[in-house]
Amino acid sequence: PAASADGLNVGVVRGRPASAYFAANSGPGALFLPADTTTYDSLEDAVQAIRAGQIHAIFEALSSIDSSEMTGLAWSTVEHTEWSQGRAMACHPAGGDVAGRL
């Protein structure tokens with residue numbers, strides 16, 4: 015099967031366990047194969063970037079998602095037994111086929 019986030023520009027938040035997990039599991043043959051990864055100082059900055067079309071998706075822990083700041087974004091979630099936080103990726107609904115590649 016194709017890697018998750020294959021060819022997408024993904025945003026992560028500096029210093030978060032989800033960001034470290036994403037980095038450790040990205041690259042050829044890994045779980046994630048993003049075209050590019052951008053690190054933001056806050057989840058709010060990443061949400062602004064996705065709304066502005068600067069990135070395709072955000073990778074974050076399920077437990078960190080505040081539904082009020084995520085209004086209007088489509089979420090794709092998958093639980094991972096090796097990481098207790100689970101994982102979630104968001105994309106702007108206007109992204110078309112992006113949600114299918116998360």
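In this text, residue positions in the sequence shown follow my numbering: the first is 15, and each later residue adds one.
Heads up, the beta-carbon is just placed ideally off N, CA and C, and yes, glycines get one too.
Where residue i falls, given that 16 or more other Cβ within 10 Å makes a residue buried
i: Glu74; result: buried
i: Ala32; result: buried
i: Ser78; result: exposed
i: Pro48; result: buried
Own chain residues within Cβ distance below 8 Å of residue i, not counting five before or after
i: Pro15; result: Reliability of the predicted coordinates at Pro15 is poor, the pLDDT of 49 falling under 50, and no value is obtained from them.
i: Gly41; result: Leu47
i: Ala66; result: none
Given residue i as reference, the closest of the options once Cα atoms are compared
i: Asp55; options: Arg30, Leu22, Val24; result: Arg30
i: Thr52; options: Asn23, Gly86, Ser18; result: Asn23
Nearest-angstrom Cα separation, counted from residue j out to residue i
i: Glu58; j: Ala34; result: 18 Å
i: Asp20; j: Ala71; result: 11 Å
i: Val27; j: Ala44; result: 20 Å
i: Ile64; j: Leu87; result: 9 Å
i: Ala37; j: Ser18; result: 13 Å
i: Val61; j: Asp50; result: 17 Å
Residue i (DSSP reduced to helix, strand or coil)
i: Asp20; result: coil
i: Ile69; result: coil
i: Ala60; result: helix
Spatial neighbours of residue i in its chain, beta-carbon cut-off 7 Å, leaving aside the 5 residues before and after
i: Ile69; result: Asn23, Val24, Gly25, Thr52, Ala63
Chain-order list of residues whose beta-carbon lies under 6 Å from that of residue i (same chain, five-residue window excluded)
i: Asn39; result: Leu45, Phe46
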